[in-house]
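Going by full-length UniProt numbering, the final residue of the sequence shown carries number 397, and the count climbs one at a time with no gaps. Beta carbons are placed, not taken as given, at the ideal position from N, Cα and C, and that holds for glycine.
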Amino acid sequence: MFQHVEAFAGDAIVALNEAFHRDTRPHKVNLSIGIYCDEQGQVPAQHAVCEAEQYLAETRQPKPYLPMEGSTSFRNAMQELLFGAGHEVLAQGRVATVQTVGSSGALKAGAEFICQWFPSSAVWLSDPTWDNHHSLFESAGLSVHSYPYYGADGGLRFDAMLETLRALPRHSVVLLHACCHNPTGVDLTPAQWQLLIPVLQQKALIPFLDLAYQGFGDGLEEDAYAVRALAQSGMCFLLANTLSKSMGVYAERCGALSVVCADAAQAERVLGQLKSTVRQSYFSPPAHGSRVVARVLEDPQLRASWECDLTAMRERIRSLRHQLHAALTRRSPERDFGYLLTQRGMFSYTNFTVQQVRSLRETYAIYLVNSGRMCISGLRADNVERVADAMAAVSVG
Ligand code: LMR
1 MFQHVEAFAG
11 DAIVALNEAF
21 HRDTRPHKVN
31 LSIGIYCDEQ
41 GQVPAQHAVC
51 EAEQYLAETR
61 QPKPYLPMEG
71 STSFRNAMQE
81 LLFGAGHEVL
91 AQGRVATVQT
101 VGSSGALKAG
111 AEFICQWFPS
121 SAVWLSDPTW
131 DNHHSLFESA
141 GLSVHSYPYY
151 GADGGLRFDA
161 MLETLRALPR
171 HSVVLLHACC
181 HNPTGVDLTP
191 AQWQLLIPVL
201 QQKALIPFLD
211 LAYQGFGDGL
221 EEDAYAVRAL
231 AQSGMCFLLA
241 NTLSKSMGVY
251 AERCGALSVV
261 CADAAQAERV
271 LGQLKSTVRQ
281 SYFSPPAHGS
291 RVVARVLEDP
301 QLRASWECDL
311 TAMRERIRSL
321 RHQLHAALTR
331 RSPERDFGYL
341 LTQRGMFSYT
351 NFTVQQVRSL
361 RETYAIYLVN
371 SGRMCISGLR
381 ADNVERVADA
391 MAAVSVG
């Protein structure tokens, strides 16, 4: 019956992470998957999250189905985090938000929405982007292309990006990383967002923001700059976000898809269509994680505790960037490792070739993604020097 079913080639990032866990070398270093790990190499269990879980256990909340759009308190809390409490798009009821199964679920629901309501629109992704963006949009039936983004000099090809976007057909969908670009760590500055937005507007393009790392760049408010600037411009756009990384609740699959519309009536209809997509797929999202997230965001003490932990994570990543930069500069003073300091968030793009990445993995048990993407939070005070030794060794010749 199933003879014709083909084998799944596997997902490059997940497969690499699995290979790391199978590796028995004690000195191995995991710089592959985008999961924040602490100095002990563990995903930290945040105090606020544990407290919220304790509260939920003690209050023994019943578990009927959530509505198709998800928990109201979770959705409201996510909207406030994204747009800022009282933002006019919220006050005017112009944002349709559904709770989704992670931000992958949000991207997929958004892709299906586009496929249904803008069937002739193609999707444009940054070159490079998170690998799974390609599969998510292609599998929804959309045609996918790339716009210039990352330059060989380690910077942003902003002019080439604008030139490409200016030539796109109306209603083309442009996927933009709102902060902490995955995989390069290269972001638009606020001034560049202000130049980009009129191009999106004039060409009637549909921005689709992906915000998985809010708080890992400069702070929760600062990292929402693109979201708020687009909202301010009056444009309609889609936005996928998650707190998986910032709250360390990866397994709870808590994400959201928000669609900013022209008015409340449009938002109502869009919400209805998103609910229909959810109903046809998994009916309604899981409750536990969304209750934890909402409790943390709504309770002032838990919220303050979470923000404190998030600040510590962000600062630790910055410090690791500086430590690796110094260690590499000591070994190769003639080379410029400034990219480590200018790139933002969890990832840095090293420009290592596939061969160099393989050598790091096979010879030194250091795992990077084949593109040369390095997850900075896998570094630790006790492995930075060894990683720098290995990186210097594979760079020779
Ligand atoms: C990553 O980019 O490593 C993370 O977002 C995990 C994933 O789903 O690939």
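Checklist entry - So is E138 buried or exposed if we call it buried at 16+ other beta carbons inside 10 Å? => result Along the sequence shown, read from residue 1 onward, the residue named residue 138 stands at position 138. Counting the other CB atoms within 10 Å of its CB gives E138 a total below 16, which places it among the exposed residues.
Checklist entry - In or out: E112 buried (at least 16 other Cβ within 10 Å) or exposed? => result Numbered from its first residue, the sequence shown carries residue 112 at position 112. Flag for E112 reads buried.
Next on the checklist: Are there any heavy atoms of the ligand LMR lying less than 7 Å away from the beta-carbon of W33, as far as the coordinates show?
Outcome noted: As a working mapping, residue 33 is identified with position 33 in the sequence shown. Checking the displayed sequence, the identity of residue 33 turns out to be Ile instead of Trp. The answer is yes for I33.
Item to check | Contained beta strand (DSSP E) runs [length at least 3] in the segment 74-149, N- to C-terminal order | outcome: When DSSP assignments are scanned along the segment 74-149, the uninterrupted stretches of beta strand (DSSP E) that are 3 or more residues long and fall wholly within it turn out to be 95-101, 123-127 and 144-148.
Checklist entry - Quick one: what does DSSP say I197 is sitting in, helix, strand or coil? => result Position 197 of the sequence shown, counted from the start, is the residue given in the question as residue 197. Secondary structure at I197: helix, using DSSP grouped into helix, strand and coil.
Checklist entry - Any heavy atom of the ligand LMR within a distance shorter than 7 Å of the CB on N370? => result Indexing the sequence shown from 1 puts residue 370 at position 370. No, since every heavy atom of the ligand LMR falls outside the 7 Å radius drawn around the Cβ of N370.
Checklist entry - Quick check: the segment 168-188 against the segment 201-218, are there 3 or more CB pairs under 8 Å? => result Yes, they touch.
Checklist entry - Opposite V260 in the DSSP bridges: which residues? => result Sequence index remark: in the sequence shown, residue 260 carries index 260 (1-based). Note: V260 sits in a beta bridge opposite V95 and F237.
Checklist entry - Alpha carbon to alpha carbon, how far is R228 from D389? => result In the sequence shown, residue 228 corresponds to position 228, counting from 1. In the sequence shown, residue 389 corresponds to position 389, counting from 1. Each residue's alpha carbon lies about 42 Å from the other.
Next on the checklist: Could you compute how far the alpha carbon of G160 sits from the alpha carbon of Y149?
Outcome noted: As a first step, residue 160 is located in the sequence shown; it is residue number 160 there, counting from the start. As a first step, residue 149 is located in the sequence shown; it is residue number 149 there, counting from the start. Here residue 160 is Ala; the residue named in the question, Gly, does not match the sequence. Rounded to the nearest angstrom, the two C-alpha atoms are 8 Å apart.
Next on the checklist: Considering only heavy atoms of the ligand LMR, does any lie closer than 7 Å to the CB of I197?
Outcome noted: Reading the sequence shown from its first residue, position 197 is the one you call residue 197. Not so, every heavy atom of the ligand LMR lies at least 7 Å from the Cβ.
Checklist entry - the ligand LMR heavy atoms versus the CB of W117: any closer than 7 Å? => result Here the question's residue 117 lines up with position 117 in the sequence shown. No, the beta carbon of W117 sits no closer than 7 Å to any heavy atom of the ligand LMR.
Next on the checklist: Quick test of your reading: I114 and L142, contact by CB under 8 Å. State the CB separation rounded to the nearest angstrom.
Outcome noted: Numbered from its first residue, the sequence shown carries residue 114 at position 114. Numbered from its first residue, the sequence shown carries residue 142 at position 142. The Cβ separation is near 6 Å, so the contact holds.
Next on the checklist: Less than 7 Å separating the Cβ of I376 from some heavy atom of the ligand LMR?
Outcome noted: Position 376 of the sequence shown, counted from the first residue, corresponds to residue 376. No; taking the cut-off as 7 Å, the Cβ of I376 has no heavy atom of the ligand LMR nearer than that.
Checklist entry - So, using beta-carbon positions, are A48 and S305 closer together than 8 Å? => result Sequence index remark: in the sequence shown, residue 48 carries index 48 (1-based). Sequence index remark: in the sequence shown, residue 305 carries index 305 (1-based). Against a cut-off of 8 Å, the Cβ pair of S305 and A48 comes out as a contact.
Checklist entry - For the segment 309-326 against the segment 29-47, are there 3 or more C-beta pairs whose distance is under 8 Å? => result Short answer: they touch.
Next on the checklist: Do L56 and R361 count as a contact pair if the criterion is CB distance below 8 Å?
Outcome noted: Sequence index remark: in the sequence shown, residue 361 carries index 361 (1-based). Sequence index remark: in the sequence shown, residue 56 carries index 56 (1-based). No, the pair does not count as a contact, with Cβ atoms beyond the cut-off.
Item to check | Reduced DSSP secondary structure (H/G/I, E/B, other) of G255 | outcome: For the purposes of this step, residue 255 is taken as residue 255 along the sequence shown, with counting starting at 1. G255 falls in the strand class under three-state DSSP.
Checklist entry - Leaving out the 5 sequence neighbours to the left and right, which residues in its chain are closer than 8 Å to A12 when beta-carbon positions are compared? => result What you label residue 12 is simply residue 12 of the sequence shown in a count that begins at 1. Cβ within range, chain order: D131, V369 and N370.
Item to check | Cα-Cα separation, E163 to S126 | outcome: Translated into positions along the sequence shown, residue 163 becomes position 163. Translated into positions along the sequence shown, residue 126 becomes position 126. Taking the straight line joining both Cα atoms gives about 13 Å.
Item to check | Selected residue, minimal CA-CA separation from E307, among R269, R318, D218 and G155 | outcome: Your numbering for residue 307 matches position 307 in the sequence shown. Comparing Cα positions, the closest option is D218.
Checklist entry - In angstroms, rounded to a whole number, what distance separates the CA positions of P44 and G234? => result Along the sequence shown, one-based indexing puts residue 44 at 44. Along the sequence shown, one-based indexing puts residue 234 at 234. Near 39 Å, if we compare the C-alpha coordinates of G234 and P44.
Next on the checklist: Taking DSSP's pairing of strands, which residues face F347 in a bridge?
Outcome noted: Working through the sequence shown from its first residue, we reach residue 347 at position 347. Partner(s): C375.
Next on the checklist: For the beta strand (DSSP E) containing L176, name the first residue and the last one.
Outcome noted: Counting from 1 along the sequence shown, the entry for residue 176 is found at position 176. Counting along the chain, the beta strand (DSSP E) containing L176 begins and ends at V173 to H177.
Checklist entry - Mapping DSSP to helix, strand and coil, what is V29? => result The residue labelled residue 29 in the question sits at position 29 within the sequence shown. In the three-state DSSP reduction, V29 falls in the strand class (E or B).
Checklist entry - Measuring from the CB of N30, is there a heavy atom of the ligand LMR at a distance below 7 Å? => result As a working note, residue 30 is residue 30 in the sequence shown. Checking every heavy atom of the ligand LMR against the Cβ of N30, none is found closer than 7 Å.
Next on the checklist: Quick test of the definition: if touching needs 3 or more C-beta pairs under 8 Å, does the segment 56-69 touch the segment 322-331?
Outcome noted: Pairwise C-beta distances place the segment 56-69 out of contact with the segment 322-331, as fewer than three of them are shorter than 8 Å.
Checklist entry - Can you tell me where the alpha helix (DSSP H) with P44 in it begins and where it stops? => result As a working mapping, residue 44 is identified with position 44 in the sequence shown. Element bounds for P44: n/a, residue is neither H nor E.
Checklist entry - Rounded to a whole number of angstroms, what is the C-alpha to C-alpha distance between G102 and A262? => result The count along the sequence shown starts at 1 and reaches residue 102 at position 102. The count along the sequence shown starts at 1 and reaches residue 262 at position 262. In this structure, the CA atom of G102 is about 26 Å from the CA atom of A262.
Checklist entry - In terms of alpha-carbon separation, which member of L302, Q99 and R344 lies closest to H322? => result Working through the sequence shown from its first residue, we reach residue 322 at position 322. That would be R344, whose Cα lies nearest to the Cα of H322.
Checklist entry - Got a sec, what are the start and stop residues for the alpha helix (DSSP H) P62 sits in? => result Counted from its first residue, the sequence shown places residue 62 at position 62. Segment: none, P62 is in no alpha helix (DSSP H) and carries neither H nor E.
Item to check | Same chain only: Cβ atoms within 6 Å of R386, ignoring 5 sequence neighbours per side | outcome: Residue 386 sits at position 386 when you count from the first residue of the sequence shown. For R386, where only same-chain residues beyond five positions count, there are no Cβ hits under 6 Å.
Checklist entry - In chain order, what residues of the same chain lie with their CB nearer than 7 Å to the CB of G215, ignoring the 5 residues before and after it? => result Position 215 of the sequence shown holds residue 215. Counting only Cβ-Cβ distances below 7 Å, and skipping sequence neighbours, we find D223, S246, L310 and R314.
Item to check | Proximity test, I317 beta-carbon vs the ligand LMR heavy atom, cut-off 7 Å | outcome: To locate residue 317, count along the sequence shown from 1; it is residue 317. No, the Cβ of I317 stays beyond 7 Å of every heavy atom of the ligand LMR.
Checklist entry - Should F347 be labelled buried (16 or more other beta-carbon atoms within 10 Å of its own) or exposed? => result Reading the sequence shown from its first residue, position 347 is the one you call residue 347. Buried, because 16 or more other Cβ atoms sit within 10 Å of the Cβ of F347.
Next on the checklist: Please list the terminal residues of the continuous alpha helix (DSSP H) segment that includes L341.
Outcome noted: Within the sequence shown, the letter at position 341 stands for residue 341. According to the DSSP assignment, L341 belongs to the alpha helix (DSSP H) that extends over Y339 to T342.
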